[in-house]
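Engineer: So the protein lines, in turn, are chains F and G.
Here the first sequence stands for residues 0 to 228, numbered as in numbering that gives the first Met the number 0.
Here the second sequence stands for residues 0 to 228, numbered as in numbering that gives the first Met the number 0.
Supplied in structure tokens, the structure appears directly below.
Protein chains: 2
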Amino acid sequence: MKFLGQKAAQAVDVELMGKHGYAIEQLMELAGLSVAESIAREYPKGRVLLCIGPGNNGGDGLVAARHLHHFGYIPTLFYPKQPSKDLYKNLLHQCASHQIPVASDLEAEVSKCDLIVDALFGFSFSGAVRPPFDSVLRTLGQTAKPIVSVDIPSGWDVEQGDVSGSGLKPDMLVSLTAPKKCAEKFGGRFHYLGGRFVPPKMAKELGIPEYTDASQCMKLEHPPIQQRL
Amino acid sequence: MKFLGQKAAQAVDVELMGKHGYAIEQLMELAGLSVAESIAREYPKGRVLLCIGPGNNGGDGLVAARHLHHFGYIPTLFYPKQPSKDLYKNLLHQCASHQIPVASDLEAEVSKCDLIVDALFGFSFSGAVRPPFDSVLRTLGQTAKPIVSVDIPSGWDVEQGDVSGSGLKPDMLVSLTAPKKCAEKFGGRFHYLGGRFVPPKMAKELGIPEYTDASQCMKLEHPPIQQRL
């Protein structure tokens, strides 16, 4: 299995929506669903705080929140920077239809929840973390509550890992489509792969292992296979 | 659980995409996925012929074909009337990316396959079946191969059942969102419910039973609960 660099990850996304004709709504639905299914495999039902970023990683988180509700969890959103794009507005609207609240006091929510989903930044992230996300990451870096990161632990460099010292140490990482290079540095308990929409030729090129059931996620060997070769 | 009439089913769809802000691509993705998951619960891996109609029921079938491929089945499409709408063109394109062939000889494909998916007409259907679908339905009405109908057995009246004598006797029915009235006349072995995207207030109004796991489908009691009350 290949661990993708930032450019390769971006190229995969472009190919899925261009050459293969996927709508972003489809990819996000299946990605977010795979995050929710991964969580349902490992954590008991309870209160889940989803920290939502301003881009597609946040969109995946909004989808995951809705599916977690359907799976019997009690999700709450923390969504400090809500973009005006219809895609995100609609996903947030669907959460509202599912009576999923949006919280404003992060510290209070962290103390109340059983699990945190980090859907702040994905593989497009680079550079420094700007406010208000710097303080969000500080809070997530200090809590003892288990954190599930969507695709990338937020604040980590997509390829190098936690070089800026964000301190985020997720308990679970759900890699989407294929793991990114920073996943080699992941030291948590559960590494899952989701995003089961990769056409066969592309899956072969990326070395994606075969899913063996009819679910949307697969547990990867831990520590990652590549580290042990 | 309510068994919906045609107008009620149409109103549910309007509410999901209007009031609750869902994109058709999301609903279709989850509906088609629930069909594929239902099949994976009951039938061994093998050749699946998906008969695709010109509307949204056909779209659900195109999505199901792709997920069936991912689940290890060998899907083939029969798609005699391909609409020019981007939604369907893109779904077909995704099937092509998954190397799912489109067949032209229905009789030959029926004889080769292990299972048939009827994704011809859904809850919008009314009136007479026009060519080429009249001959497609005759073929499906005569085969001994098991048939899985998506939401409605095609040719059946949405409320009254097989009043026109289509002769279609599906082995499995996957009701989407909520069963339609004709499902009371379903006499096959497996009745599933899919389309796990109904917000809680609406689900309560429709009397949708609680899903108990993290999958996209649920097996309904058979014969349908309502018949036994």
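Beta carbons are placed, not taken as given, at the ideal position from N, Cα and C, and that holds for glycine.
Since the model is a prediction, treat every value here as computed from it, not as a measurement.
May I ask which residues mark the beginning and end of the beta strand (DSSP E) holding Thr75 (chain F)?
Structural biologist: Its beta strand (DSSP E) spans residues 73–77.
Engineer: Can you tell me the Cβ-Cβ gap for Gln93 (chain G) and Gly20 (chain F), rounded? I've got them flagged as a contact below 8 Å.
Structural biologist: The pair is a contact, with the Cβ atoms about 5 Å apart (cut-off 8 Å).
Engineer: Determine the burial state of Gly17 (chain F): buried for a count of at least 16 other Cβ atoms within 10 Å of its Cβ, exposed for fewer.
Structural biologist: By the 10 Å Cβ count, Gly17 (chain F) comes out exposed.
Engineer: Can you list the residues of chain G that Asn89 (chain F) reaches, using a CB-CB cut of under 7 Å?
Structural biologist: Under the 7 Å cutoff, chain G gives Gly20, Ala22.
Engineer: Applying a beta-carbon distance threshold of less than 9 Å, which residues of chain F neighbour Glu158 (chain G)?
Structural biologist: Those within 9 Å of Glu158 (chain G) in chain F number zero; the least Cβ separation is about 28 Å.
Engineer: Would Met217 (chain F) count as contacting chain G if we go by Cβ distances under 7 Å?
Structural biologist: With 7 Å as the cut-off, Met217 (chain F) does not count as an interface residue toward chain G.
Engineer: Ignoring anything shorter than 3 residues or poking outside the stretch 34–82 of chain G, list the beta strand (DSSP E) runs there in chain order.
Structural biologist: Entirely contained in the stretch 34–82 of chain G, the beta strand (DSSP E) runs reaching 3 residues are, in chain order, 46–51, 73–77.
Engineer: Quick one: what's got a C-beta closer than 6 Å to Leu205 (chain G)'s C-beta in the same chain, skipping five residues either side?
Structural biologist: Here the set comprises Lys1, Ala177.
Engineer: Tell me whether Gln98 (chain G) is buried or exposed, calling it buried when 16 or more other Cβ atoms sit within 10 Å of its Cβ.
Structural biologist: Exposed, since its Cβ has fewer than 16 Cβ neighbours within 10 Å.
Engineer: Relative to the ligand FAD, is the shortest distance from any of its heavy atoms to the C-beta of Cys216 (chain G) smaller than 6 Å?
Structural biologist: Looking at this structure, you won't find the ligand FAD or any other ligand, since it has none at all.
Engineer: Thinking C-alpha only, which one of G:Leu3, G:Gln5, G:Val11 is nearest Arg200 (chain G)?
Structural biologist: The sequence given here has Lys at residue 200 (chain G), not Arg. Of the candidates G:Leu3, G:Gln5, G:Val11, the one whose C-alpha sits nearest the C-alpha of Lys200 (chain G) is G:Val11.
Engineer: I'd like to know if Ala202 (chain F) contacts chain G, where contact means its C-beta is closer than 7 Å to some C-beta of that chain.
Structural biologist: No, Ala202 (chain F) lies away from the interface with chain G (no Cβ there is under 7 Å from its Cβ).
Engineer: On the three-state DSSP scale, how would you describe Arg227 (chain F)?
Structural biologist: Any reading at Arg227 (chain F) must be qualified, since the residue scores a pLDDT of 42, below 50, and its modelled position is unreliable; the value itself is stated next. Helix, per DSSP.
Engineer: Given His68 (chain F), which residues of its chain have a CB within under 7 Å of its CB, disregarding the five upstream and five downstream residues?
Structural biologist: Only Pro74, His97, Ile99 meet the Cβ criterion.
Engineer: Tell me the rounded alpha-carbon separation between Thr142 (chain G) and Ala202 (chain F).
Structural biologist: If I take the Cα positions, the gap works out to 36 Å.
Engineer: Output the distance between the C-alpha atoms of Phe132 (chain F) and Asp104 (chain G), rounded to the nearest integer angstrom.
Structural biologist: Cα to Cα, the separation comes out at about 58 Å.
Engineer: Starting from Ser134 (chain F), trace the alpha helix (DSSP H) in both directions and tell me its first and last residue.
Structural biologist: Segment 132–141, the alpha helix (DSSP H) holding Ser134 (chain F).
Engineer: Counting only beta-carbon separations shorter than 7 Å, does Pro198 (chain F) have a partner in chain G?
Structural biologist: So, interface residue.
Engineer: Quick check: Ser153 (chain G) and Phe120 (chain G), are their CB atoms within less than 7 Å of each other?
Structural biologist: Yes.
Engineer: What span of residues does the beta strand (DSSP E) with Met217 (chain G) cover, start to end?
Structural biologist: Met217 (chain G) -> beta strand (DSSP E) spans 216–218.
Engineer: List the residues of chain G that Ser97 (chain F) touches, going by C-beta distances under 7 Å, in chain order.
Structural biologist: The sequence shown places His at residue 97 (chain F), not Ser. Result: Pro198, Pro199.
Engineer: For Arg129 (chain G), which option in G:Ala182, G:Lys144, G:Arg40, G:Ser163 has the closest C-alpha, if you only look at C-alpha atoms?
Structural biologist: Taking only the C-alpha atoms, the option nearest Arg129 (chain G) is G:Ser163.
Engineer: Which same chain residues, not among the five before or five after Phe124 (chain G), have their C-beta less than 6 Å away from its C-beta?
Structural biologist: Nothing meets the Cβ criterion.
Engineer: Flag Arg195 (chain F) as yes if its beta-carbon sits less than 7 Å from any beta-carbon of chain G, otherwise no.
Structural biologist: True, the Cβ-Cβ gap to chain G drops below 7 Å.
Engineer: So is Glu28 (chain F) in contact with chain G if we call contact Cβ pairs under 7 Å?
Structural biologist: Chain G, which has a Cβ nearer than 7 Å to the Cβ of Glu28 (chain F), makes this yes.
Engineer: Which partner residues of Gly193 (chain G) appear in the DSSP bridge assignment?
Structural biologist: Looking at the DSSP assignment, Gly193 (chain G) forms a beta bridge with G:Leu175, G:Cys216.
Engineer: From Pro43 (chain G) to Ile115 (chain G), what does the alpha carbon distance come to, in whole angstroms?
Structural biologist: Cα to Cα, Pro43 (chain G) sits roughly 13 Å from Ile115 (chain G).
Engineer: With DSSP run on the structure shown, which of helix, strand or coil describes Lys96 (chain F)?
Structural biologist: For the record, residue 96 (chain F) in the displayed sequence is Ser; it is not Lys. DSSP places Ser96 (chain F) in helix when its eight states are reduced to three.
Engineer: Compare the Cα-Cα distances from Gly261 (chain G) to each of G:Cys112, G:Asp156, G:Ala118 and report the closest residue.
Structural biologist: Shown here, chain G extends from 0 to 228; a query on residue 261 (chain G) therefore has no answer.
Engineer: Please compile the residues from chain G whose C-beta is within a distance smaller than 9 Å of the C-beta of Tyr210 (chain F).
Structural biologist: Neighbours of Tyr210 (chain F) on chain G, chain order: His69, Phe70, Gly71.
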